[in-house]
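Asker: Sharing a structure with you now.
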Amino acid sequence: MTGRFSIPPFEQLLNLGVDLCGVIVPAALPHSSDEPQPVIAPPPPPTDLPLVDPYLAPNIIHRAWANDLPVWEVGSLSTPGTLDLLRGLQPDLIVVACFPFVFPLALLTLPRYGCLNLHPSLLPHYRGPAPLFWIARQDERFTGVTLHLMAEALDSGDIVAQTRFERLEGISEAELEQRCAIEGANLLADVIERLKRGQSLPRRPQIEAEASYFPSPSGLDFQIPIVWSAQRAFNFVRGAEEWPLFISVGGTDFFIREGVSYRQDQILGQPYKLIGSDLWVQFQPGVLRANIRSQNRAS
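Count along the sequence shown from 1, then add 590; that gives the number in our numbering.
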């Protein structure tokens, strides 16, 4: 996908000097046909000015253009046109770093080394499309990233490599995502070097009895319960900052822009205090200070 998580693994592959066939991204808009569409690079600039607006963060498509790699966007991985395209590329290995479509069996068995996926959790824990949200909501103190072979069931294939690290106090969603991407890129480099030496991939099955799956969050998943400690609330606000989080207190839903701070030993003396867009809320224990984007009467 075109988010931050895909960049470090892609750049690691470039650094390793492997022969990259191309980049596949999900279609931004539905296609009128089932055929994969080429993403055409803009014409070369007439001056030495950069292709990308310096105020916009370049994504994986820009990185591919800069390295003369073809890019296709697809609306499905199961259509004959997409499968024909991928068969024509004759990949030895497919590497995935966030992708919203399920891989069909015909694609999983296409590369001789299989399909590797980087997943930002310690599989088999936190399978699913948004593990960083749920890791923040559960306030996990340790997390990590897993490189695994893809199978038909989501996030269920054999583990090839995995690393574990501490989730620091107050770490933001963007910071944790970047840490996972960099750690995952390092795992990928080790595996690629093994393949270059003719060694087989290390693999161990996931323990299904320990597996947990979490869907895309919705509704009350975004609510921050005031029965939590202020510390847990702060870590959740920071760790899920890109989601529409809210606190329901005093008959009002306060939608949070950012977490500012917390005091675990503070007593507010009232359920909440609001000054402009600054909100203080009593938790159990402690007080969270946050900046709000809006407020509505609770439904």
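All C-beta atoms, glycine included, are put in the ideal place defined by N, C-alpha and C.
#1: Is it true that the CB of LEU737 sits closer than 8 angstroms to the CB of GLY704?
#2: Start and end of the alpha helix (DSSP H) containing SER723?
#3: Would the beta-carbon of ILE597 fall within 8 angstroms of that of ALA779?
#4: So ALA820 packs on ARG853, CB below 8 angstroms; how close in whole Å?
#5: For the 8 angstroms Cβ check, are there 3 or more pairs between the region 705-720 and the region 737-749?
#6: Identify which residue in ARG727, GLY612, ARG702 has its Cα closest to the Cα of GLU832.
#7: Assign ASN825 to one of two classes, buried (16 or more other C-beta atoms within 10 Å of its C-beta) or exposed (fewer than that).
#8: Any contact between the region 835-850 and the region 781-794? By contact I mean 3 or more CB pairs, one from each, below 8 angstroms.
#9: Under three-state DSSP, which class holds ILE761?
#10: Please name the residue or residues paired with ILE814 in a DSSP beta bridge.
#11: Could you tell me which uninterrupted alpha helix (DSSP H) segments, each at least 4 residues in length, are contained entirely in the region 667-737, listed from first to last along the chain?
#12: What is the DSSP secondary structure of SER867, reduced to helix, strand or coil?
#13: Quick one: residues in its chain with C-beta nearer than 7 angstroms to the C-beta of VAL664, no 5 flanking neighbours on either side, listed in chain order?
#14: Whole angstroms is fine: what's the gap from GLN874's alpha carbon to ILE761's?
#15: Should GLY829 and LEU878 be called a contact, given that it needs their Cβ atoms to be closer than 8 angstroms?
#16: Using three-state DSSP, classify TRP833 as helix, strand or coil.
#17: On a Cα-Cα basis, can you pick out the residue from LYS786, GLU601, LEU869, LEU858 that is closest to PRO648?
#18: Between the Cα of HIS652 and those of GLY593, GLU730, ILE749, spot the shortest distance and give me the residue it belongs to.
#19: For GLY678, is the classification buried or exposed, using 16 other Cβ atoms within 10 angstroms of its Cβ as the cut-off for buried?
#20: State the start and end residues of the unbroken alpha helix (DSSP H) segment that holds ASN605.
#21: Only counting the same chain, and skipping five residues up and downstream in sequence, which positions put a Cβ closer than 8 angstroms to that of LEU610?
#22: On the DSSP letters alone, give me the boundaries of the beta strand (DSSP E) that ARG887 sits inside.
Answerer: With the structure as the only source:
#1: Going by C-beta atoms, GLY704 is not nearer than 8 angstroms to LEU737.
#2: The amino acid at residue 723 is misidentified as Ser; the sequence shows Phe. Counting along the chain, the alpha helix (DSSP H) containing PHE723 begins and ends at 721-727.
#3: Taking 8 angstroms as the cut-off, the beta carbon of ILE597 is found no closer than this to the beta carbon of ALA779.
#4: Right, the Cβ-Cβ distance comes to about 7 angstroms (below 8 angstroms), so this counts as a contact.
#5: Because the criterion of three Cβ pairs below 8 angstroms is met, the region 705-720 and the region 737-749 touch.
#6: Of the listed residues, the one whose Cα sits closest to GLU832 is ARG727.
#7: Result: buried.
#8: Counting Cβ pairs under 8 angstroms, fewer than three are found: no touch.
#9: In the structure shown, ILE761 sits in coil (DSSP, three-state: anything other than H, G, I, E or B).
#10: Bridge partners of ILE814: none, in fact.
#11: Listed in chain order, the alpha helix (DSSP H) elements of length 4 or more contained wholly in the region 667-737 are 670-679, 695-698, 721-727.
#12: Looking at SER867 - three-state DSSP - the assignment turns out to be coil, as it is neither helix nor strand.
#13: The beta carbon of VAL664 sits closer than 7 angstroms to those of ILE614, PRO616, ALA617, PRO626, THR672, all from its chain and outside the five residues before and after it, given in chain order.
#14: Annotation: GLN874 to ILE761 spans about 21 angstroms, alpha carbon to alpha carbon.
#15: No. Outside cutoff.
#16: In the structure shown, TRP833 adopts coil according to DSSP, grouped into three states.
#17: Ranking the options by Cα distance to PRO648, first place goes to GLU601.
#18: HIS652 has its Cα closest to that of GLY593, out of GLY593, GLU730, ILE749.
#19: Under this definition GLY678 is an exposed residue.
#20: ASN605 -> alpha helix (DSSP H) spans 597-606.
#21: Excluding five sequence positions before and after LEU610, the CB atoms of its chain that fall closer than 8 angstroms to its own CB belong to LEU603, LEU604, ASN657, LEU659, given in chain order.
#22: For ARG887, the enclosing beta strand (DSSP E) covers residues 877-887.
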